[in-house]
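Residue numbers (full-length UniProt numbering): 1 to 340.
Listed below in structure tokens is the structure:
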């Protein structure tokens, strides 16, 4: 099975790399597979001045093309391995890939998941690994949304597109039979979309599964400093790309861009969040968990030892399987309770 480092680090690889460090004591608490994977990461930590020069609109689009071509190999393997079928629909004027597992249990036939792929707001497609893995592991049809990416689209275009699909799907299906799953930047977009849906008076879905989500675009927090040079995600790229190419004129601390600053209430969907001790977004995710908990939202925070940003999408990594299994259990529990 091919593996890739987290979205966003490909840009750095063009200009050189350096290994991530892990001591014997650190490796002791990881699986052998995770230790080997970490040793193989080679992100480059660009000086800020160089980042501003090298990261251009044209470069982002080229990196997207490279990423899509490389990732297709992994996606094709997963589709074949798990017997998944894919077809395209247009829902609310937005292209959607519907991923169907080979068998759906009778009690899951009316249940679906909405998937928002990650990729730093500028990479990725609706065929992403998490959508494929969730179709198999949740055992439901997954509606994976091909929202328009930056730099072609700036905020709030992607949120509005996802909201258009959400609006139609809660009309087609009982919202109690829908869960949302999302990764990284997709977690930002899904959370912002559900907040927009709530403000519009649309019904809330049964639960959310947010995998290493980006919840704060301002660049503040402990982990974005402490985990720089420990994660495959590069801190200055993580901050600069959305600020320059996604946010537009919107303040970075706007709740639509940084959901950690939004107001929540107890009727927001129950939410499970995953992260790792090396995740650059660890602080963002911890802070959002507390914000949800303080509002009375049922939450579960899953922090995986030694794991980096986006680790969850590795199909056979033991820590990724453990995190996805726990997240799926949370989501199944909410679907089952809602259908009683």
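Yeah, the Cβ is synthetic: ideal placement off N, Cα and C, and Gly gets one too. Keep in mind the model is a prediction, meaning the values are calculated, not measured.
Practice prompt. Enumerate in chain order the residues of its own chain whose CB-to-CB distance from residue 347 is below 7 Å, with the five nearest sequence positions on each side excluded.
Written response: Outside the modelled stretch of the chain, which goes from 1 to 340, sits residue 347, for which no answer is possible.
Worksheet item: Taking the alpha-carbon positions, what's the residue 326 to residue 190 distance?
Response: 20 Å
Practice prompt. Just tell me which of 99, 115 and 23 has its CA closest to the CA of residue 83.
Written response: 99
Worksheet item: Around the Cβ of residue 107, are there at least 16 other Cβ atoms within 10 angstroms (buried) or fewer (exposed)?
Response: Residue burial annotation: residue 107 is exposed, with fewer than 16 other C-beta atoms found within 10 angstroms of its C-beta.
Item to complete: Have a look at residue 228 and residue 47 and give me their C-alpha separation to the nearest angstrom.
Response: 13 Å
Worksheet item: Alpha carbon to alpha carbon, how far is residue 11 from residue 336?
Response: For residue 11, the predicted structure reports a pLDDT of 41, less than 50, and the residue's modelled location is therefore unreliable. A value from the coordinates is still provided. The alpha-carbon atoms of residue 11 and residue 336 are separated by roughly 42 Å.
Item to complete: In angstroms with no decimal places, state the Cα-to-Cα distance between residue 34 and residue 207.
Response: The straight-line gap from Cα to Cα measures roughly 29 Å.
Discussion item. Among the candidates 165, 323, 332 and 319, whose CA atom is the shortest distance from the CA of residue 31?
Written reply: 319
Item to complete: Using a threshold of 8 Å, state whether the C-beta atoms of residue 164 and residue 144 are closer than that.
Response: For residue 164 and residue 144, no; Cβs fall outside 8 Å.
Fill in: Whole beta strand (DSSP E) elements within the segment 177–209, 3-residue minimum
178–183
Item to complete: Can you give me the start and stop residues for the alpha helix (DSSP H) that residue 283 sits inside?
Response: Looking at the DSSP string, the run of the alpha helix (DSSP H) that includes residue 283 is 282–294.
Worksheet item: Rounded C-beta distance between residue 123 and residue 63? I'm assuming under 8 Å.
Response: 7 Å
Discussion item. Extract the residue ranges of the alpha helix (DSSP H) inside the segment 32–63, only unbroken runs of 4 or more that lie entirely within it.
Written reply: 32–40 and 48–54
Discussion item. Buried or exposed, going by whether 16 or more other CB atoms sit within 10 Å of the CB of residue 184?
Written reply: buried
Discussion item. I need the straight-line Cα distance from residue 205 to residue 225, nearest angstrom please.
Written reply: 35 Å
Practice prompt. Under the assumption that residue 334 contacts residue 179 (Cβ atoms under 8 Å), give the Cβ distance between them as a whole number of angstroms.
Written response: 7 Å
Fill in: Distance, residue 217 Cα to residue 53 Cα
Note on geometry: alpha-carbon atoms of residue 53 and residue 217 lie some 20 Å from one another.
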